[in-house]
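Top line first, the protein sequences correspond to chains Y and P. Just so you know, we're using the working numbering here: the first sequence kicks off at 7 and counts up by one. Just so you know, we're using the working numbering here: the second sequence kicks off at 499 and counts up by one. All C-beta atoms in this analysis are idealised placements derived from N, C-alpha and C, irrespective of residue type, glycine included. Values in this document were obtained by computation on a predicted structure and should not be read as measured data. Shown next, in structure tokens, is the structure this report addresses.
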Amino acid sequence: MFASFDFDVIRRSLGYLFLDGMAFTLTLTALSALGGIIFGTLIALMRLSGFKVLGRIAGLYVDFMRSLPLVLVIFWFYFLVPYLGQWLTGASRPISVGAFTSALVTFIMFEAAYFSEIMRAGIQSISKGQPAAANALGMTYAQTMRYVVLPQAFRNMLPVLLTQTIVLFQDTSLVYVLSMPDFLGAASKVAQRDGRLVEMYLFAAVVYFTISCVASFGVRRLQARISIVR
Amino acid sequence: MIEINHVSKWYGSTFQALKDCTTKVAKGEVVVVCGPSGSGKSTLIKCVNALEPIQEGDIILDGIKVNDPKTDLPKLRARVGMVFQHFELFPHLKIIENLCLAQEKVLGRSHDEAMAKAAKLLDRVGLKVHANKYPAELSGGQQQRVAIARALAMDPIAMLFDEPTSALDPEMISEVLDVMVDLAREGMTMMVVTHEMGFARKVAHRVIFMDQGEIVEDALKDDFFGKPRSDRAQKFLSKILSH
């Protein structure tokens, strides 16, 4: 049944698919995860702070982001960010930020909502005696968080954070709505150009599946190692 | 050194954990606080370095009012050592790093200076060989000795002990108490919440007995063990000394 298929199209486009497409996807994933974890940690700290107003704002933000489909947020942000930039800088025209920056900001903001919940659970998993001991040694709130609570929370939550990053890796394919050259976008372009839809989409599926699967396996092994150490 | 004047504390709006507590610990004095569980002794000691807030009264530490909103609490706490029931070593740091962290980040000591101090104190509590292990690799008694060394590394003017031996297996209690006895004999100002009456007999100057959030008895050691004035203290003593 594969007789009429031309799988050579994959070989011919490998360079473009991986050196351009996959490189873009991995860059976007890594930067989004990094930004999302940093921003998400700040949101988690806001939620757990004693200040009710801060906690409320952070809570609303998380609920808001989690109640919207990611595609919509990507789309919405792409058109909104230039105007936001104009408003912030007082420029006379909407500021063009480029599709990549827009997508990156979107993913960071969106994923921060999910990462913040993970970090919140991680921070709450640390017994209250730990910050008390740090305080008793004279550490400030910031020092207590930075040197005592967050390193432990981050370590405890590392497997979950990585699993969420694997989901993020798959979600980055949604930038196709902005016609960006990520891996799926690149595969799609080749597919359209050469009229080889089945071959290319099949190949894209296999690649996403393989990478995610291997990564998940790695996370499970890491989890096993961490739980032995503790 | 430590003055506690008419301190009251509530959890929520209904439960009163401390009722009008007044006492003090002079420089070089060792005061043992005992009493049944839930009597507020741990709460009281946590109020001394403001780990727990108080609603009424004053606590004055070395001339500085602890419950004054203007007090720089981190700075004040850095000068008072505290040892917890569950050790609370930082599990992600090696023993030596546990001792260095606050020295460097809070007191601003250089790494070499902090390491030298840490090594000296680990040697003192007999754990120098474990410097590069993680807390989870040590026994409870060893961890608590590290916790004492960690507090001492800050050169505290006084030490607070919150049931330091309650979470330990019986055979490990004495190794921790030995360190504390040495400290007391060196003239360290100490406030110790404990049930170890042997320790109290050996080194305490005064014993405070608490029950239901009140300081029921605050007496010199010999008076306390010789003839406790209150019924409640007598009952408590007979219970814990009978075996």
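The C-beta of residue 563 (chain P) comes no closer than 8 Å to any C-beta of chain Y.
If you ignore the 5 residues before and after residue 629 (chain P), its C-beta comes within less than 8 Å of the C-beta of 592, 593, 594, 616, 617, 620, all in its own chain and listed in chain order. Residue-level contact by beta carbon fails for residue 47 (chain Y) and chain P, as no gap is shorter than 8 Å. With contacts defined as CB atoms closer than 8 Å, residue 623 (chain P) and residue 647 (chain P) qualify as a contacting pair. Interface criterion not met: the Cβ of residue 718 (chain P) is under 8 Å from no Cβ in chain Y. Under the three-state reduction of DSSP output, residue 643 (chain P) falls in the helix class. The three-state reading of DSSP puts residue 565 (chain P) in coil, since its state is none of H, G, I, E or B.
In chain order, 143, 144, 145, 149 make up the part of chain Y whose C-beta sits under 8 Å from the C-beta of residue 604 (chain P).
C-alpha of residue 105 (chain Y) to C-alpha of residue 71 (chain Y): approximately 20 Å in a straight line. For residue 166 (chain Y), the enclosing alpha helix (DSSP H) starts and ends at 156-177.
By the criterion of a C-beta distance shorter than 8 Å, residue 514 (chain P) is surrounded in its chain by 506, 507, 508, 711, once the five residues flanking it on both sides are discounted.
DSSP places residue 737 (chain P) inside the alpha helix (DSSP H), whose first and last residues are 729-739. Excluding residues up to 5 positions away in sequence, 540, 660, 661, 662, 664, 665 lie with their Cβ nearer than 8 Å to the Cβ of residue 583 (chain P) in the same chain. Taking a Cβ-Cβ cut-off of 7 Å, the neighbours of residue 139 (chain Y) in chain P comprise 582, 586, given in sequence order.
With a cutoff of 8 Å on beta-carbon distance, residue 573 (chain P) and residue 144 (chain Y) are scored as near each other.
With the criterion set as a beta carbon lying under 9 Å from some beta carbon of chain Y, the members of the region 586-600 of chain P are 586, 587, 588, 589, 590, 591, 599, 600, in sequence order. Counted as a single uninterrupted DSSP element, the alpha helix (DSSP H) harbouring residue 597 (chain P) occupies residues 593-603. Every beta strand (DSSP E) stretch that sits fully inside the region 519-563 of chain P and reaches 3 residues is listed by chain position as 528-532, 554-559. The shortest CA-to-CA distance from residue 113 (chain Y) to any of Y:43, Y:222, Y:220 is the one to Y:43. Looking at P:606, P:684, P:581, P:547, the one whose alpha-carbon comes closest to that of residue 639 (chain P) is P:581. For residue 575 (chain P), the neighbours in chain Y by C-beta distance under 8 Å run, in chain order, 141, 142, 143, 144. Y:189 is the residue among Y:174, Y:232, Y:167, Y:189 whose C-alpha sits nearest the C-alpha of residue 212 (chain Y). With a contact defined as Cβ atoms closer than 8 Å, residue 560 (chain P) and residue 499 (chain P) qualify at about 6 Å. Exposure of residue 635 (chain P) is indicated by the presence of fewer than 16 other C-beta atoms within 10 angstroms of its C-beta.
Contact between the region 136-143 of chain Y and the region 58-69 of chain Y is absent: fewer than 3 CB-CB pairs across the two stretches fall below 8 Å.
Boundaries of the beta strand (DSSP E) harbouring residue 500 (chain P): 500-509, taken from the DSSP string.
Only 133, 135, 136, 138 from the region 112-138 of chain Y bring a Cβ to less than 9 Å from some Cβ of chain P. Contact between the region 512-532 of chain P and the region 681-697 of chain P is established, with three or more Cβ pairs separated by less than 8 Å. Shown here for residue 158 (chain Y): same chain residues with a beta carbon closer than 6 Å to its own, the five before and five after excluded, namely 132 in chain order. Per DSSP, the beta-bridge partners of residue 717 (chain P) are P:705. Taken residue by residue, none of the region 524-541 of chain P has a beta-carbon sitting less than 7 Å from a beta-carbon on chain Y. Under DSSP, residue 659 (chain P) shares a beta bridge with P:581, P:690. When only Cα atoms are considered, residue 705 (chain P) and residue 586 (chain P) end up about 26 Å apart. Setting aside the 5 residues that flank it on each side, residue 701 (chain P) is surrounded in the same chain by 528, 679, 682, each with a C-beta closer than 6 Å to its C-beta; the list follows chain order. It is roughly 30 Å from the alpha-carbon of residue 735 (chain P) to the alpha-carbon of residue 551 (chain P). The beta carbon of residue 657 (chain P) does not come within 8 Å of any beta carbon belonging to chain Y, so the residue lies off that interface.
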